[in-house]
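Here you go:
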């Protein structure tokens with residue numbers, strides 16, 4: 001199986017590669033259009049700030065390519081947020097794959113949310129074998145609002161989308177590559193879609 005991990009300068013690619021290796025898969029870190037388009041699965045990781053990450057996507061033209069992909073695509077953390085319509089972080093227009101806005105947690109809670117939290121209201125084969133209220137590892141100051149694309153929910157101050165899906169596009173706010181056996185199960189489920 002050919003797995004492309006999108007390289008645009010804002011990804012946590014090394015931990016994703018290690019997680020894939022633990023599952024018996026090999027990933028190819030690349031920003032090459034042909035390699036990405038011909039991959040069986042595409043992983044779109046992300047760590048950092050939305051507006052600078054979007055600028056890097058635009059400079060490489062990946063902002064045009066990603067929404068046109070036909071194979072299963074998994075956005076992780078900032079990758080998922082960039083797949084949304086808009087982010088308050090840096091007043092950033094996203095890729096518009098999910099018709100969802102990304103907004104900042106209020107000052108009423110500790111920001112960023114960092115550490116383990118539960119996911120629930122699980123839908124789609126992405127969560128096959130995962131029990132309701134399983135713990136996943138999260139680090140983020142902004143969240144995607146609940147929408148018709150929500151396939152998992154987390155509560156931190158309020159309920160928000162901890163996973164989204166539309167057609168062949170999936171996004172998870174948590175880091176499956178850092179969430180132990182259950183996170184790796186979710187990655188494995190994605191690779192077997």
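In UniProt numbering, the protein residues as written are 1 to 193.
Even glycine gets a Cβ: it sits at the ideal position worked out from N, Cα and C.
In this text the structure is predicted, and so the values were computed from the model without any measurement.
The C-beta separation of residue 41 from residue 3 comes to about 5 Å, placing the pair in contact by the 8 Å criterion.
Residue pairing by DSSP places residue 161 opposite 144 and 153 in a beta bridge.
Cβ neighbours of residue 17 within its own chain (closer than 8 Å, five residues either side excluded): 5, 27 and 29. For residue 34, the enclosing alpha helix (DSSP H) stretches over residues 33-38. Under a 10 Å Cβ-count criterion, residue 125 is classified as exposed, with fewer than 16 other Cβ atoms of the shown protein chains found around its own Cβ.
At least 9 Å separates the beta-carbon of residue 97 from that of residue 153. Listed in chain order, the non-local C-beta contacts of residue 176 below 6 Å within the same chain comprise 183, 186 and 187, local neighbours out to five positions each way being set aside.
Residue burial is scored here from C-beta neighbours: residue 20 has at least 16 other C-beta atoms within 10 angstroms and is therefore classed as buried.
Residue 11 counts as buried, since no fewer than 16 other beta carbons sit within 10 angstroms of its beta carbon. Apart from the 5 residues on each side of it in sequence, residue 159 sits with its Cβ closer than 7 Å to the Cβ of 146 and 153 in its chain, given in chain order. In the structure shown, residue 189 adopts helical secondary structure according to DSSP, grouped into three states. Within the stretch 65-143, the complete beta strand (DSSP E) segments at least 3 residues long are 73-76, 84-87, 98-104, 113-119 and 134-140, listed from N- to C-terminus. DSSP, reduced to helix, strand and coil, places residue 172 within a strand of the structure shown.
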